[in-house]
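Visitor:
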Amino acid sequence: MCGIAGALNLTAARGTPLPDLHAMLTMLTHRGPEEAGFYADDRVGLAHARLSIVGVGNGLQPIPNEDGTIWAICNGEFFNYVELRDGLRERGHQFRTDSDTEVLVHLYEEQGWQAIEALNGQFAVALWDARQQRLMLGRDRLGVRPLFYTTYQGQFLFASEIKALFAAGVPRQLDAHGMAQVFTLWSPLPGGSIMAGVREVLPGHVLFAHPGSAELRQHAYWHLRFPAADEIESRTPEEYVEEIRATLQQATRLRLRADVPVGAYLSGGLDSTLISSIAQAQLPHQLHTFSVAFHDDAYDERSYQFQVAEQLGTLHHVIECDAERIRATLPDVLWHTEVPLLRLTPVAMYLLSQLVHQHGLKVMLSGEGADEFFGGYDIFKETLVRRFWARQPDSRLRPLLLSRIYEHIRDLQSLSPEMLRPFFGQHLTETDLPYYSHMLRWQNTRRTHRLFAPDLVASLADYHVVDTIAVQLPREMMQWEPLARAQYTEITTFLSAYLLASQGDRVGMAHAVECRHPFLDQHMVALSNRIPARWKLRGLRGEKYILRRAAQGIAPDEIVGRLKQPYRAPIRSVFNGRALPDYAQELLSDPQIRASGIFAPQAVRLLVAKAQKSPAFSEVDQMAFIGVLTTQLIHHMFIADWDHQMATRRRDLRMTRLG
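Note that this note's numbering gives residue 330 to position 330 of the sequence shown, counting from 1, and the numbers run on in steps of one.
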């Protein structure tokens, strides 16, 4: 795992001096603190900060082919590099390193850009082809690893994180559309960012740029798809169980490939327990497992975590997240996420990766992806009930089923049957919308727009986030099962843009910790997408039904039968009724709110008073409060106070010139 950055001269060879690659890379040394290399000529510059995991002794990048006409840098891993390298050697290719990145160089020699289709991994890559005068950027299928880009003063610039682009002089300004997306979807839409003019390579895409040309071309090499409802395979649950077990064991085995120790995150739920169980069975030594514990009992799962660790015999480590630690850590988390948050779970994951780093590990396994691909989220159950209710919209009994889903949300549990109907009944009968499953969530989150300043509201008058999503949906989506439509919406708007970013890569790599996700293996994804909805979600107590069947005999029985508890960090107990930390008091003051120009001072003042004094601090209030505070932090660090932040947070490094 690493940080990558670079530039391509779009004007002409020898036209515009390349930016300071060293300055760009100093903003990424947390991703790769061990060594750094670069290649540069009068057309292109590639830079790489390395966290050595594979080919520890000789994997300094950029890596060239034999005659130096192709150069590549990679952030991430190709898990099938062993098999690919063996085949390339049989065909006469010569390898000078043990790095998995060199596989891409030689595959590209044979197959051109289509070589990326052969990679099973999680990666963001840049490859310069001097013969074709072409720079190629590529990103893994589900967007586990980030890769941002922009054009500035005749140059195409790219980097693993936005702050590296700013170090090259790119203007810094919040994007109004990005703000609307965050305060509707929790994150910018894939391909965009919160910063004006800064884009991100789409998951499953390659992007091409050429010297002397301002045209950028992006091409999809992979699509997330589900079969039509009338084309679903007719197989028994037992057949699926055996295939799930074999595929998941192979995916985990591949992700244990490393020249350094590999650990695992353990939440106490089914997904991480299953991965930890498979990993421990495949290792000749004790697996290190890591967990978060909360002082708020409503969020704490430590009893299940310790139970699993004891049964598996792992070496278990726990980080305690109390309110004070969460408040104190939040600014550092925002420096790494580079996007406002509406939840505090990224803070917990930041502290957890810090614990991993303190124990000397670089690589962790995670159960991320199982809920998305096997139907584990409450929003899937909610959609099931609302579709059932929509058949008889006047029913008084059917909406009562909704109170059985969100048992962890106190606000909803307190609602009377009369109040459940209007809350969940919005857009009830619009079941022909492909994104029907998420309309209610988006509409409720969008209520936070009331906090926007009048000028921002005016700039968004003709912009609608949902319309932007609608035009990007596959034409065949309505032929899929309703659960598949909900899964697609969740994966494409939330998984890569938020869960794998703010709650995954960005907070892990803040401490040089790489997280690997067996459930996101391309073969695992293809298999799960073929499984009918009836074997994924069976009623309100039957989420991930087929995965639980597959876990029997592998994971502890108590965990296999345990209902999912959403992995969340507290907000109410962290800020409600408490004095604000100094940074929050300053950034939420009227002068600072007016200076940023994003929110209306009076609306923020009322929200802050409610957070500090009122016990009625609802879920939407909590999201709004964290959203405002973290947006103010983003504005402060990346716009108003950028020079100071860059000077104090960057780490110097020594770069080795290659080529």
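Heads up, the beta-carbon is just placed ideally off N, CA and C, and yes, glycines get one too. A quick note: this is a predicted structure, and the numbers were derived from the prediction, not measured.
Between which two residues does the alpha helix (DSSP H) holding T345 run?
Guide: On the sequence shown, residue 345 is found 345 positions in, with the first residue counted as 1. Where T345 is concerned, the enclosing alpha helix (DSSP H) stretches over 345-358.
Visitor: From the DSSP output, in three-state form, read off N444 for me.
Guide: Walking along the sequence shown from the start, residue 444 turns up at place 444. If DSSP states are grouped into helix, strand and coil, N444 belongs with the helices.
Visitor: Taking one C-beta from the segment 628-635 and one from the segment 580-593 each time, how about it: are there three or more such pairs within less than 8 Å?
Guide: Taking 8 Å as the limit for Cβ pairs, the verdict is that the segment 580-593 does touch the segment 628-635.
Visitor: Using only CA atoms, which one of V103, L207, Q311 lies nearest to E708?
Guide: There is no way to answer for residue 708, as the model of the chain reaches only from 1 to 659.
Visitor: For D432, which residues in the same chain have their Cβ closer than 8 Å to its Cβ, ignoring the five residues on either side in sequence?
Guide: Residue numbering aside, residue 432 sits at position 432 when the sequence shown is read from its first letter. Only M478 meet the Cβ criterion.
Visitor: Do you know offhand how far T656's Cα is from R139's?
Guide: Position 656 of the sequence shown, counting from 1, holds the residue named residue 656. Position 139 of the sequence shown, counting from 1, holds the residue named residue 139. Answer to the nearest angstrom: the Cα atoms are 25 Å apart.
Visitor: For T345, which residues of its own chain have a beta-carbon under 7 Å away from its beta-carbon, when the five flanking residues on both sides are left out?
Guide: Within the sequence shown, residue 345 is the residue found at index 345, counting from 1. Once the five neighbours on either side are set aside, the close Cβ partners of T345 are Q503, Y567, R568, A569.
Visitor: Determine the contact status of P203 and L142, defining contact as a CB-CB distance below 7 Å.
Guide: Mapped onto the sequence shown, residue 203 falls at position 203. Mapped onto the sequence shown, residue 142 falls at position 142. A contact, by the Cβ cut-off of 7 Å.
Visitor: Applying the criterion that 16 or more other CB atoms from any shown protein chain within 10 Å of the CB defines a buried residue, is Q155 buried or exposed?
Guide: Counting from 1 along the sequence shown, the entry for residue 155 is found at position 155. It counts as buried.
Visitor: Quick check: the segment 76-89 against the segment 107-120, are there 3 or more CB pairs under 8 Å?
Guide: Verdict: yes, contact present.
Visitor: Hey, which unbroken runs of the beta strand (DSSP E) at 3 residues or more fall wholly within the segment 4-91?
Guide: Taking only runs of at least 3 residues, the beta strand (DSSP E) segments lying wholly in the segment 4-91 are 35-40, 44-50, 70-78.
Visitor: Under the three-state reduction of DSSP, which class applies to Y152: helix, strand or coil?
Guide: Counting from 1 along the sequence shown, the entry for residue 152 is found at position 152. In this structure, Y152 counts as strand in the three-state DSSP scheme.
Visitor: What residue ranges within the segment 257-341 form continuous beta strand (DSSP E) runs of no fewer than 3 residues, ordered along the chain?
Guide: For the segment 257-341, whole beta strand (DSSP E) runs of length 3 or above, ordered along the chain, are 262-265, 288-294, 315-321.
Visitor: Ends of the alpha helix (DSSP H) at V125?
Guide: For the purposes of this step, residue 125 is taken as residue 125 along the sequence shown, with counting starting at 1. Where V125 is concerned, there is no enclosing alpha helix (DSSP H), although the beta strand (DSSP E) it sits in stretches over 121-129.
Visitor: Could you work out which residue in S291, A309, Q250, F294 is closest to Q282 when comparing CA atoms only?
Guide: Locating residue 282 in the sequence shown gives position 282, where the first residue counts as 1. If we check each option's Cα against that of Q282, Q250 comes out closest.
Visitor: Would you mind working out which of Q311, A370, R96 sits nearest L500, comparing C-alpha positions?
Guide: Residue mapping note: residue 500 aligns to position 500 of the sequence shown, counting from 1. Of the candidates Q311, A370, R96, the one whose C-alpha sits nearest the C-alpha of L500 is A370.
Visitor: If A228 and H205 are in contact, beta carbons under 8 Å, what's the gap, nearest whole angstrom?
Guide: In the sequence shown, residue 228 corresponds to position 228, counting from 1. In the sequence shown, residue 205 corresponds to position 205, counting from 1. Not really, about 25 Å apart at Cβ, beyond 8 Å.
Visitor: What residues in its chain sit with their C-beta under 7 Å from that of A551, if we drop five residues either side in the sequence?
Guide: As a first step, residue 551 must be located in the sequence shown, where it is residue number 551. Around A551: L270, L274, V560.
Visitor: What is the DSSP secondary structure of E372, reduced to helix, strand or coil?
Guide: Mapped onto the sequence shown, residue 372 falls at position 372. Note: E372 maps to helix in three-state DSSP.
Visitor: I need the straight-line Cα distance from L88 to V82, nearest angstrom please.
Guide: Stepping through the sequence shown from its first residue, residue 88 is reached at position 88. Stepping through the sequence shown from its first residue, residue 82 is reached at position 82. Between L88 and V82, the C-alpha separation is close to 10 Å.
Visitor: By the DSSP assignment, the beta strand (DSSP E) with H205 in it spans what residues?
Guide: Start at 1 with the first residue of the sequence shown, and residue 205 comes out as number 205. Residues 205-209.
Visitor: Ignore the nearest five residues each way along the sequence and tell me which others in L607's own chain have a CB closer than 8 Å to its CB.
Guide: Locating residue 607 in the sequence shown gives position 607, where the first residue counts as 1. For L607, where only same-chain residues beyond five positions count, the Cβ hits under 8 Å are L451, D621, A624, F625, V628.
Visitor: Are the segment 423-431 and the segment 381-399 in contact at 8 Å, needing three or more beta carbon pairs?
Guide: Counting Cβ pairs under 8 Å, three or more are found: they touch.
Visitor: Return the Cβ separation of T247 and L527 in integer angstroms, given the expectation that the two are a contact with Cβ distance under 8 Å.
Guide: Reading the sequence shown from its first residue, position 247 is the one you call residue 247. Reading the sequence shown from its first residue, position 527 is the one you call residue 527. Between L527 and T247 the Cβ distance is about 5 Å, and since that is below 8 Å, they are a contact.
Visitor: Quick test of your reading: T97 and N58, contact by CB under 8 Å. State the CB separation rounded to the nearest angstrom.
Guide: Against the sequence shown, residue 97 aligns to sequence position 97. Against the sequence shown, residue 58 aligns to sequence position 58. At roughly 5 Å, the Cβ-Cβ gap stays under 8 Å, so T97 and N58 are in contact.
Visitor: Helix, strand or coil for T656, going by three-state DSSP, please let me know.
Guide: Numbered from its first residue, the sequence shown carries residue 656 at position 656. DSSP places T656 in strand when its eight states are reduced to three.
Visitor: Among the residues of its own chain, which have a CB less than 7 Å from the CB of S573, if the five just before and after it don't count?
Guide: The sequence position of residue 573 within the sequence shown is 573, counting from 1. The residues are D296, A323.
Visitor: Under the three-state reduction of DSSP, which class applies to E200: helix, strand or coil?
Guide: As a first step, residue 200 is located in the sequence shown; it is residue number 200 there, counting from the start. Strand, per DSSP.
Visitor: Count the other C-beta atoms from every protein chain shown that fall within 10 angstroms of the C-beta of G3, then say buried if there are 16 or more, exposed otherwise.
Guide: The residue given as residue 3 occupies position 3 in the sequence shown. Burial call: buried.
Visitor: Whole-angstrom Cβ separation of I598 and L456, contact assumed at under 8 Å?
Guide: Position 598 of the sequence shown holds residue 598. Position 456 of the sequence shown holds residue 456. Right, the Cβ-Cβ distance comes to about 6 Å (below 8 Å), so this counts as a contact.
Visitor: In or out: V347 buried (at least 16 other Cβ within 10 Å) or exposed?
Guide: Taking the first residue of the sequence shown as position 1, residue 347 is located at position 347. Buried.
Visitor: Measure the alpha-carbon distance for P556 versus L8 and round it to whole angstroms.
Guide: Working through the sequence shown from its first residue, we reach residue 556 at position 556. Working through the sequence shown from its first residue, we reach residue 8 at position 8. Roughly 53 Å separates the two Cα atoms.
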